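Protein chains in written order, with the numbering used here: chain A, 4 to 248; chain B, 7 to 204.
Glycine included, every Cβ here is placed at the ideal spot set by N, Cα and C.
Note that the structure is a prediction, hence the values are computed from the model and not measured.
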Amino acid sequence: MPGRTEGIVLKSRPFGEADLIVEYLTRDFGIRPAFAKSPRKIKSRFGGSLEPFTHARISLMGREDANLPRLTQSDIIRPFQTLREHSGGFVQACGLAALVMKLLPERETHGAPDAFELLLWGLDGLEREPGSSFVPVVFKLRVLALAGYAPSLSGCARCGRQSEAFNFSFYPRDGALLCGDCKKDAPAIKISAALKGLLGSLQAFPLEKLARIKPGEKLLSELKGFVETHFREGANITVKPARPL
Amino acid sequence: MSQGVIENLIEQLSKLPGVGRKTAQRLAFFILNMKEEDASALAGAITDLKRKARSCRLCFNIADSDLCGICRDSLRDKKRICVVEEPSNILVVERSGGFNGLYHVLMGALSPIDGITPEMLKIKELVERVREGGIEEVVIATNPNTKGELTARHIKEALGPFDVSVTRIAYGLPLGGDIEFADEITMKKSLEGRRKIE
Ligand SMILES: [Zn+2]
Ligand SMILES: [Zn+2]
Chain A
4 MPGRTEGIVL
14 KSRPFGEADL
24 IVEYLTRDFG
34 IRPAFAKSPR
44 KIKSRFGGSL
54 EPFTHARISL
64 MGREDANLPR
74 LTQSDIIRPF
84 QTLREHSGGF
94 VQACGLAALV
104 MKLLPERETH
114 GAPDAFELLL
124 WGLDGLEREP
134 GSSFVPVVFK
144 LRVLALAGYA
154 PSLSGCARCG
164 RQSEAFNFSF
174 YPRDGALLCG
184 DCKKDAPAIK
194 ISAALKGLLG
204 SLQAFPLEKL
214 ARIKPGEKLL
224 SELKGFVETH
234 FREGANITVK
244 PARPL
Chain B
7 MSQGVIENLI
17 EQLSKLPGVG
27 RKTAQRLAFF
37 ILNMKEEDAS
47 ALAGAITDLK
57 RKARSCRLCF
67 NIADSDLCGI
77 CRDSLRDKKR
87 ICVVEEPSNI
97 LVVERSGGFN
107 GLYHVLMGAL
117 SPIDGITPEM
127 LKIKELVERV
137 REGGIEEVVI
147 ATNPNTKGEL
157 TARHIKEALG
167 PFDVSVTRIA
177 YGLPLGGDIE
187 FADEITMKKS
197 LEGRRKIE
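In structure tokens, the structure reads:
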């Protein structure tokens with residue numbers, strides 16, 4: 004496997020006496036575990052660069068098919084030390100990492116740069132505002148889309164009508180909207196026009212512009228309910244949430 | 007068959023951490039040439055350890071009776087507790103000669119991503135020891151990494167209601183290291199932990 008890329012540490016586990024297996028989300032190769040020799044020794048040249056969420060320029064050595072490339076270099080780009088020092092923010096960030104590991108297949112290079120940028124965006128948001136309820140929910144929505152579970156919100160899935168006046172409901176099992184005329188007998192959640200608009204923006208906006216969206220508390224909690232239901236019912240995924248301490 | 011017995015020992019030895027096939031082979035042949043009583047003493051020590059070792063009721067150090075040697079030692083400073091993640095960490099602190107109090111082994115460190123929560127560690131038991139009184143200082147010597155730090159902050163909070171000084175071991179640049187090779191995180195921690203030159 005090919006040398007240099009950028010990586011974010013998702014988690015790591017001890018291996019042997021002083022070695023570590025580091026699970027990275029890399030910009031170019033997707034999720035990759037890497038073997039790091041002796042980082043747990045006090046004089047290791049890796050220093051603090053293998054701590055969770057560190058964004059670093061890394062070098063991985065090994066054959067293309069190697070299961071466990073060896074980490075030969077790791078230079079910190081952004082440490083995210085402030086995030087790690089805030090217990091609540093750190094637990095939230097663990098939640099983002101758990102989603103990445105749950106939803107994105109290992110070694111998937113397709114879309115890896117987008118996933119990478121998304122995680123950086125999430126970590127940045129949590130470092131700036133630990134405890135934010137906006138960042139985790141938007142992250143979840145966008146990572147679901149990257150994994151191919153984007154809810155389809157462009158209009159009625161049956162008749163194609165777009166107008167808000169037809170009062171849409173969302174059918175989590177189908178991941179789609181139906182209008183009032185096409186509605187069927189299945190579990191559904193009412194979607195307000197405001198939420199439909201918000202979801203559209205959250206899915207379409209480039210990451211750097213997401214911060215401009217500031218939904219009110221009521222809309223935010225509607226958004227959370229929607230994303231959770233879609234996650235559970237539509238994508239049919241359960242993730243053990245990172246428990247608060 | 008003689009190949010069988012040596013092969014068996016090599017296989018058992020290579021289960022040990024840091025022992026590869028080659029080292030295991032070297033050790034096995036060394037044991038083969040040992041005096042009978044030395045080899046028996048080694049085998050006996052292993053069996054003894056597994057049969058008698060248990061957790062100290064008070065500090066969760068390895069003990070051979072209800073309390074470990076350190077908790078039983080009347081010369082130790084009973085007003086100080088050093089908190090470590092694993093029993094093996096006690097040996098390192100002891101060898102340093104820098105601490106003469108008691109210990110408390112947490113049996114791990116907090117790790118939200120691995121699902122390790124406070125209830126899974128011996129934190130309640132530590133709080134209980136402090137609640138009983140007589141403790142002036144709790145020195146937190148968990149590992150200088152994210153899990154260790156998180157654990158340290160959690161313990162500091164859990165001990166908030168008590169009149170006890172909670173301290174954290176200093177960390178930063180390793181002795182014999184060179185600033186030029188320090189990474190940003192280690193350097194920042196070293197600056198935070200700076201102190202007056204006495
Ligand atoms: Zn319709
Ligand atoms: Zn003890």
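Put simply, the CB of F105 (chain B) is far from chain A, with every gap to its CB atoms at 9 Å or more. For the pair I141 (chain B) and I52 (chain B), the CB atoms are not nearer than the 9 Å cut-off. In the three-state scheme derived from DSSP, where H, G and I count as helix and E and B as strand, A59 (chain A) is classed as strand. The DSSP-derived three-state label of P116 (chain A) is helix. Look at T123 (chain B) here: in three-state DSSP terms it is coil, with no helix or strand label.
The count of Cβ pairs closer than 8 Å, one atom from the stretch 165 to 174 of chain B and one from the stretch 90 to 108 of chain B, stays below three, leaving the stretches out of contact. Distance from A188 (chain B) to T157 (chain B) at the Cβ level is roughly 24 Å; contact not present, criterion being Cβ atoms closer than 8 Å. The set of residues whose C-beta lies within less than 6 Å of a heavy atom of ligand 1 reads, in chain order, A:C159, A:R161, A:C162, A:R164, A:L181, A:C182, A:D184 and A:C185. Here the C-alpha atom of L156 (chain A) lies approximately 26 Å from the C-alpha atom of A101 (chain A). Inter-segment contact for the stretch 11 to 18 of chain A and the stretch 94 to 108 of chain A is present: three or more beta-carbon pairs are separated by less than 8 Å. Rounded to whole angstroms, the gap between the alpha carbons of A197 (chain A) and L222 (chain A) is 8 Å. Counting of Cβ neighbours within 10 angstroms places F168 (chain B) among the exposed residues, the total staying below 16.
Nearest Cα to Q84 (chain A) within the set A:P55, A:A207, A:K105 and A:P72: A:P55. Counting along the chain, no alpha helix (DSSP H) covers H110 (chain B); the unbroken beta strand (DSSP E) around it starts and ends at G107 to V111.
Interface flag for L13 (chain A) against chain B is set, since a Cβ pair is found closer than 9 Å. The way I'd put it, the stretch 145 to 153 of chain B does touch the stretch 115 to 130 of chain B; three or more beta-carbon pairs between them come closer than 8 Å. Inter-residue distance for S71 (chain B) and S90 (chain A) is about 38 Å (C-alpha atoms, whole angstroms). Under the DSSP assignment, C97 (chain A) falls in the alpha helix (DSSP H) whose first and last residues are S90 to L106. Between E225 (chain A) and S195 (chain A), the beta carbon gap of about 7 Å places them in contact (Cβ cut-off 8 Å). I161 (chain B) is positioned such that its CB atom lies no closer than 9 Å to that of V98 (chain B). Contact check for L71 (chain A) and P36 (chain A): beta-carbon distance about 6 Å, within the 8 Å limit, so the pair qualifies. In the structure shown, the three-state DSSP call for I185 (chain B) is helix. Contact of A45 (chain B) with chain A is not assigned, every C-beta pair being separated by 9 Å or more. Spanning the alpha carbons of G19 (chain A) and A189 (chain A) requires a straight line of approximately 52 Å. Secondary structure at V230 (chain A): helix, using DSSP grouped into helix, strand and coil. With 16 or more neighbouring CB atoms inside 10 Å of its own CB, H233 (chain A) falls in the buried class. Residues of the stretch 51 to 82 of chain A with a C-beta atom less than 7 Å from some C-beta of chain B are G51, S52, E54, P55, I79 and P82, listed in chain order.
The set of residues whose C-beta lies within less than 5 Å of a heavy atom of ligand 2 reads, in chain order, B:C62, B:L64, B:C65, B:N67, B:C74 and B:C77.
Contact with chain B is absent for E9 (chain A), since none of that chain's Cβ atoms lies less than 9 Å from the residue's Cβ. The shortest CA-to-CA distance from A118 (chain A) to any of A:I34, A:P218, A:G203 and A:R7 is the one to A:I34. Of B:N95, B:L108 and B:S61, the smallest CA-CA separation from L81 (chain B) is found for B:L108. Under the three-state reduction of DSSP, D184 (chain A) is assigned to coil, being neither helix nor strand.
For the stretch 11 to 58 of chain B, not one full-length beta strand (DSSP E) segment reaches 3 residues or more.
Residues of the same chain with a CB within less than 8 Å of the CB of S135 (chain A), apart from the 5 flanking positions on each side, are Q95, G128 and L129 in chain order. Boundaries for L64 (chain B): no alpha helix (DSSP H) harbours it, and the DSSP string shows neither H nor E there.
When the beta-carbon positions are compared, L210 (chain A) and A115 (chain A) stay at least 9 Å from each other.
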